[in-house]
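Sequential numbering from 17 applies to the sequence shown in my numbering.
Worksheet for the structure shown next.
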Amino acid sequence: MSHSASFDSDGNDAPLKSGIKHLGSTVVAAVAKSALRTLGSNLETSGAADLTAAEVALTELVASALLGEVREPAGSLTGVQTAHFRRVAATIDARLSDPDLALALIARLEGLSIRYAQKLFEGRGESFSEYVRQQRLEHCRIDLADPNHAHESVAAIGQRWGFRDQSHFSRTFGATFGMSPRQVRRARSQTEEAYPLRGKPDGRKSAAARPAPMLRAAVDRPPTARARERTDHWHLPATAETVHWGFFSRSLPPVLRVDPGDSVTVETLTQHAGDDWQRMVAGDSGAESVFDWSPEHKRVDRRGAGPANASIFGRGAGEGFGVHIMTGPIYVRGAEPGDVLEIEFVEIRPRPSAAFPGKAFASNVSAWWGYQYHDLLDRDAKRETVTIFEIDMRCPAAARPLYSYEWQPQTDPFGVVHATIDYPGIPVDHSKVSHRDLSGSGVRIPARLHFGCIAVAPREADLVDSIPPGYFGGNIDNWRIGAGAKLYLPVAVQGALLSLGDGHFAQADGEINGTGLECSLTGDIIIKLHKAGEVCPAFLRGLNSPLIETEHSWVIQSFSHPNYLRDLGSNAQSDVYKTSTIELALRNAFRQTRRFIMQTYDLTEDEVLSIMSLAADFGITQVADGNFGVHATITKAVFGERQHSQRTARP
């Protein structure tokens, strides 16, 4: 942390007088100046958490630069002693979390005698214990004011920086800063209210997430029993008891608990199965349980993050503010905020039709939320068109269109009329639509099997619309997250609470008509955990957005608003639909890609800018999900034999 010092302004031996000081020409000063310029040019787009982190880093840089450019005043440490003290201070800073930190250990690590080390502190007018306590308190104050640590308790922050006893920590903190730890936190916190709506009227709240029934087999088993009957592979079926529809929530109880390294077979169902009930629901016990809806009963009632009583538009519980059927959540033991979850996709396959042996089916919808809707050739004839595709399970490498129909107003089992596709899972009455046969078209859509929606639970709100993606993953809709790929997501809540859904048999960049080739899929995944504070690849250090890795490429994923839940305020889940642009998404993708390559391969900005222009393909991921996506793909071969570094990951 910061170290007190006095400075020379003109290179002579006089103590530094008050007034404006200028950074000189040392390497550290150059880095500090560059960082200040970068911050200045990005102030308007920086969130509170980014600014807090920048404040800490810049303070350290500027202090280090000044310390390196000045002479000590008469009566203080000599030049040699100053150099020794800086080494000692760096060693202390790296071990502040150790509550048993002792001067003897520091002296031994630096090859100094204990008495000499004591004299270094005496020359500064303080003791070793006073110095350590002050540094710990400074770290605690920074973390308490940092929005990135708002989810942590005061006690946890104190323990992280070496304070064993919370009462002692609070008393010492208050005596030093004149405010208690909680007062510091309250002074910097911003009240956030969650409005879980889907681009609809602002300022409306909805009820909290209703707890889902727990999956019984191997779900509530205590860790000790889990160890006795250890198995590394789990099967998570898609049923009414194991899915949540249209929302994410930090409050949902897990339907499965796993250890890092375990593999899971996860079944998922497409929310578009009702587009052709006979082909995609009938006879499938899991699908029938999820889509079970009669005039008297609706088994999975909430569909979306809106109010459960449908008080806004009357569409149904959840209002369709979020549409995806998500299997999960899966609780990962040991996962904590600040960690990184790695999901490796080993295999993905279509879910066979129960009523049509040897076949699977999928739906594509040209919908009202698609890019095309207001730009049809006949601008006066707005329409939504559903196309049903068939997949031959003997050779599921492509899908062929069977038929299409134009959406006509449908009445759901509760008697609500849906003029458009404004609520998920409506069983289409095919007597009210006209089929257009497409079986002889000769068109074949090549397979790009992937899950469009993969999320850990966000921390900012209790009910979160499943449509706009964000730092937590969610509705990413990037077809590159297929078999053989890995997805890295920052953990935001205890246990991560991983959910998967929105299966796509295929999708192109842009998702231009609003949907992919929506298909129920089953995937085999391996879940790994990278703990904060442990040595890990440099590309995971400070990860704050989804990152995709394939065998040959990196895919850096960004959005118009990488953390819209934090940055857009109390109406974030409405405003994200109103404020997202491709320009914002491209700008964020550019910045993230620059940072990723510089950090991962230890290259300069100028080197990276050249590489990006020559070898990074920027593409529009989707314009369908409220929070527009842009990604950059760069092959690993570009970096030749240059290996990415291993570093210690910190929260």
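Heads up, the beta-carbon is just placed ideally off N, CA and C, and yes, glycines get one too.
Note that this is a predicted model, so its numbers are computed, not measured.
(request) Along the alpha helix (DSSP H) that carries C156, what are the first and last residues, could you check? (result) 144-161
(request) Kindly indicate the opening and closing residues of the beta strand (DSSP E) around V592. (result) V592 -> not in any beta strand (DSSP E); alpha helix (DSSP H) instead, spanning 588-595.
(message) Between the alpha carbons of G431 and V316, how many angstroms are there, rounded?
(response) 17 Å
(request) Starting from the N-terminal side, write out each stretch of the beta strand (DSSP E) that is 3 residues or longer and does not extend beyond the region 509-589. (result) 514-522, 537-546, 551-553, 563-565, 569-575
(request) Going by DSSP, name the residue or residues bridged to T651. (result) S569
(message) Going by DSSP in three states, N491 sits in which element: helix, strand or coil?
(response) coil
(message) Cutting at 7 Å between CB atoms, please list the residues of its own chain near D300, excluding the five before and the five after it.
(response) A370
(request) Give the secondary structure of V235 by DSSP, where H, G and I count as helix, E and B as strand, and everything else as coil. (result) Unreliable placement is indicated for V235, whose pLDDT of 40 sits below 50; the coordinate value is still reported in the next sentence. If DSSP states are grouped into helix, strand and coil, V235 belongs with coil.
(message) Would you call the region 280-300 in contact with the region 430-449, where contact means no fewer than 3 C-beta pairs closer than 8 Å?
(response) yes
(message) Quick check on C535: buried or exposed, where buried means 16 or more other Cβ atoms within 10 Å of its Cβ?
(response) buried
(message) Under 8 Å: do the region 594-609 and the region 569-585 share three or more Cβ pairs, one atom per stretch?
(response) yes
(request) Using three-state DSSP, classify R452 as helix, strand or coil. (result) strand
(request) Could you tell me whether the Cβ atoms of A321 and D428 are closer together than 7 Å? (result) no
(request) Identify, in the order they occur along the chain, each residue of the same chain with its Cβ nearer than 6 Å to the Cβ of A512, setting aside the five sequence neighbours on each side. (result) V348, A351, L357, V472
(request) Give the DSSP-derived three-state secondary structure of L136 in the structure shown. (result) helix
(message) For a test of the three-state rule: what should DSSP assign to Y252, helix, strand or coil?
(response) What sits at residue 252 in the sequence shown is Leu, not Tyr. L252 falls in the strand class under three-state DSSP.
(request) Would you list the one or two residues that DSSP bridges to F467? (result) G519
(message) Assess contact between the region 362-369 and the region 490-499, defined as three or more Cβ pairs (one per stretch) separated by less than 8 Å. Is contact present?
(response) yes
(message) Just to confirm, is the Cβ distance from P417 to V459 under 7 Å?
(response) yes
(request) State whether the region 446-459 contacts the region 522-539, with contact taken as three or more CB pairs (one from each stretch) at a distance under 8 Å. (result) no
(message) So, at 7 Å on beta carbons, what are the nonlocal neighbours of P485 in its own chain, with the 5 sequence-adjacent residues on each side left out?
(response) N491, I492, F575, D641, N643, G645
(request) Give the DSSP-derived three-state secondary structure of F23 in the structure shown. (result) Residue placement at F23 cannot be trusted, given a pLDDT of 33 that sits under 50; the coordinates are not used to answer.
(message) Restricting to Cα atoms, I'd like to know which of R187, A161, F263 is closest to D478.
(response) F263
(request) Look at the alpha carbon of G656 and the alpha carbon of G519, and state the distance between them as a whole number of angstroms. (result) 35 Å
(message) Using a Cβ-Cβ cutoff of less than 6 Å, which residues in the same chain neighbour A648 once the five nearest sequence positions on both sides are dropped?
(response) I572, A605, T609, A632, F634
(request) Run through the region 372-449 for me and flag every whole beta strand (DSSP E) of 3 or more residues, listed as ranges in chain order. (result) 375-382, 401-408, 414-422
(message) Buried or exposed for Q659, going by 16 or more other Cβ atoms inside 10 Å?
(response) exposed
(request) Could you pull the start and end residues of the alpha helix (DSSP H) that V507 belongs to? (result) First-last for V507: undefined, no H or E at that position.
(message) Closest to R103 by C-alpha separation, out of D114, F137, E71, would be which residue?
(response) F137
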